[in-house]
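Let me begin by presenting the structure, written as structure tokens, before commenting on it.
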Amino acid sequence: MPAFLSIQERIGAYRRAGKRLFATTSFQSHSVPLLHMLSLIDRTIPVYYADTGYLFPATLTFRDHLRGLLGLQFIGLRPAVPKSQQRDANGALMFTWDPDRCCDLNKVRPLEPILASHDVWINGVRADQSEVRKAMQVEQPAAFGCLRYHPMLDWTARMVHHHIKVHALPPHPLEAEGYLSIGCEPCTRKLMHGYDERTSRWYGLKKTECGLHTDLAMGNVQQPT
Ligand code: SF4
135 MPAFLSIQER IGAYRRAGKR LFATTSFQSH SVPLLHMLSL IDRTIPVYYA DTGYLFPATL
195 TFRDHLRGLL GLQFIGLRPA VPKSQQRDAN GALMFTWDPD RCCDLNKVRP LEPILASHDV
255 WINGVRADQS EVRKAMQVEQ PAAFGCLRYH PMLDWTARMV HHHIKVHALP PHPLEAEGYL
315 SIGCEPCTRK LMHGYDERTS RWYGLKKTEC GLHTDLAMGN VQQPT
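Each residue of the sequence shown is one higher than the last, beginning at 135 in my numbering.
Next comes the structure, spelled out in structure tokens:
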């Protein structure tokens with residue numbers, strides 16, 4: 135497992151340098167190999183997820199299943215702004231009229247204190263997932279002086295599926311129903327024939343990323359204000 139050894143080695147090097155590490159996950163099937171490897175390398179690394187209030191119930195069930203299986207510490211990050219303050223004058227929730235701001239409030243802002251209190255952010259983006267992600271590098275700066283580490287960047291979908299199969303890891307329960315890229319329930323659709331998997335997120339909008347990963351692709355690594 136050369137990929138595993140390389141990830142283990144790099145995490146070991148961060149540790150020896152006294153770096154404070156954390157990881158994030160979205161609990162999708164393709165997230166599972168990274169979680170599996172982290173569970174073998176160091177279960178004390180906290181794994182955060184955006185607990186937006188819009189996750190599928192099946193995702194929360196899958197989270198609990200993975201926690202029991204892998205023994206990782208999953209920590210939900212809740213938005214500071216209550217949903218009652220995320221409505222327009224007609225009562226419509228923000229994702230219907232400003233999804234960028236909705237992602238910012240519910241996903242990006244809650245991560246800021248974690249970025250500010252750690253040195254290395256381990257996340258599972260892959261270059262083959264979208265044009266935006268192709269522009270990323272294995273290591274690159276993030277906000278608040280944190281370093282992004284993308285151990286899965288060069289992994290292909292085939293490698294991910296192979297790892298899942300070889301280690302008999304579970305898929306997200308909604309995958310069997312045709313969902314391949316799964317995020318918040320209002321912004322996720324089943325995979326459509328002829329489209330890549332990320333197209334099933336924010337379908338019909340120009341939006342392709344939640345904001346956690348967009349700034350770097352745009353060359354913007356400024357601290358959020
Ligand atoms: S994915 Fe949709 S519901 Fe979730 S935070 Fe972003 S806009 Fe809001």
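Just so it is clear, CB atoms sit at the ideal spot from N, CA and C, and this is done for glycine as well.
Between the Cα of residue i and those of the options, spot the shortest distance and give me the residue it belongs to.
{"i": "Asp262", "options": "Glu246, Met286, Arg243 and Arg282", "result": "Met286"}
{"i": "Met270", "options": "Arg282, Ala277 and Phe278", "result": "Arg282"}
{"i": "Trp255", "options": "Thr193, Val266, Arg149 and Leu239", "result": "Arg149"}
{"i": "Arg154", "options": "His164, His199 and Val181", "result": "Val181"}
{"i": "Ala214", "options": "Pro247, Phe196, Thr193 and Phe229", "result": "Pro247"}
{"i": "Val166", "options": "Phe229, Leu314, Thr193 and Leu303", "result": "Leu303"}
{"i": "Ser315", "options": "Gly202, Thr193, Leu239 and Lys299", "result": "Thr193"}
{"i": "His325", "options": "Cys318, Gly317, Tyr313 and Glu319", "result": "Looking at the sequence shown, residue 325 is not His but Leu. Ranking Cys318, Gly317, Tyr313 and Glu319 by Cα distance to Leu325 puts Tyr313 first."}
{"i": "Met171", "options": "Asp238, Ile298 and Gln220", "result": "Ile298"}
Can you have a look at residue i and say buried or exposed, based on whether 16 or more other CB atoms are within 10 angstroms of its CB?
{"i": "Thr158", "result": "buried"}
{"i": "Asn354", "result": "Because Asn354 carries a pLDDT of 40, less than 50, the predicted location of this residue cannot be relied on, and no value is offered for it."}
{"i": "Ala251", "result": "The sequence shown places Ser at residue 251, rather than the Ala named in the question. Exposed is the call here."}
{"i": "Gln162", "result": "buried"}
{"i": "Ala223", "result": "exposed"}
{"i": "Pro233", "result": "buried"}
{"i": "Ile179", "result": "buried"}
{"i": "Ile209", "result": "exposed"}
{"i": "Val294", "result": "buried"}
{"i": "Ala277", "result": "buried"}
{"i": "Thr359", "result": "The predicted position of Thr359 is uncertain, since its pLDDT is 28 and thus under 50; a value taken from the coordinates is nonetheless stated next. Exposed, by the Cβ-count rule."}
Can you name, in chain order, every residue of its own chain whose Cβ lies under 8 Å from the Cβ of residue i, other than the five neighbours on each side?
{"i": "Lys217", "result": "Gly187 and Leu227"}
Who are the Cβ neighbours of residue i in its own chain at under 7 Å, not counting the five residues just before and after it?
{"i": "Asp288", "result": "Ala261"}
{"i": "Arg177", "result": "Gly205 and Leu206"}
{"i": "Leu346", "result": "Lys241, Val242 and Leu245"}
{"i": "Ser173", "result": "Leu204, Gly205 and Leu206"}
{"i": "Leu168", "result": "Gly258, Pro285 and Met286"}
{"i": "Gly146", "result": "none"}
Might you give, ordered along the chain, the residues of its own chain that have their beta carbon closer than 6 Å to the beta carbon of residue i, omitting 5 neighbours on each side?
{"i": "Tyr268", "result": "The residue asked about is misnamed: residue 268 is Lys in this sequence, not Tyr. Counting only Cβ-Cβ distances below 6 Å, and skipping sequence neighbours, we find Ala261."}
{"i": "Thr290", "result": "Asp262"}
{"i": "Pro305", "result": "Ser163"}
Per the DSSP calculation, residue i is bridged to which residue(s)?
{"i": "Ala157", "result": "Val181 and Ile256"}
{"i": "Cys318", "result": "Leu189"}
{"i": "Leu227", "result": "Arg221"}
{"i": "Leu281", "result": "Val254 and Pro275"}
**Prompt:** Mind pulling the beta strand (DSSP E) runs of 3 or more residues that sit fully within the segment 167 to 210?
**Reply:** 181 to 184
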